[in-house]
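The structure appears below as structure tokens.
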Amino acid sequence: MGFETVSTILNVVEKHHDEGFISKVEDHLVSILPSKEDNYLPSNNPIIVMVVGVNGTGKTTTAAKLASYYKKLGNNILMVAADTYRAAAIDQLKIWANRIDVD
1 MGFETVSTIL NVVEKHHDEG FISKVEDHLV SILPSKEDNY LPSNNPIIVM
51 VVGVNGTGKT TTAAKLASYY KKLGNNILMV AADTYRAAAI DQLKIWANRI
101 DVD
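Right, dumping it as structure tokens:
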């Protein structure tokens, strides 16, 4: 998420922190995220999805979930480890790729 999106979510949390803010945040996210019909990948062009974030936030797991989802839709998937500074990054990605049967 970008700075503006995070800022608006934090504003919702601050405004509704005493009255069950989780449902308010959910409502806000639904209102700003694209609908399922808008969220697609063209089927005839290669697509690159880069997952970026700080350590320990679930990037590899999320990448595997995305890969599995798009594989089930009939796409060919290639996962590439780019975190060469973390010793286990490549091994972790290989484990996920084997679990979901992608390259």
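Residue numbers for the sequence shown follow full-length UniProt numbering, so the first one is 1 and each next one is one higher.
Where a beta carbon is used, it is the ideal one built from N, C-alpha and C, also for glycine.
Asked, Found
"Alpha carbon to alpha carbon, what distance is there between Arg86 and Thr60?", "12 Å"
"So, is Leu33 buried or exposed, given that buried needs 16 or more other C-beta atoms within 10 angstroms?", "exposed"
"From this set, Ser68, Asn75, Ile22, Ile47, which residue's C-alpha is nearest Trp96's C-alpha?", "Ser68"
"Hey, could you find the ends of the alpha helix (DSSP H) Asp91 is sitting in?", "89 to 100"
"Taking the alpha-carbon positions, what's the Val102 to Lys72 distance?", "11 Å"
"Ends of the alpha helix (DSSP H) at Asp27?", "21 to 32"
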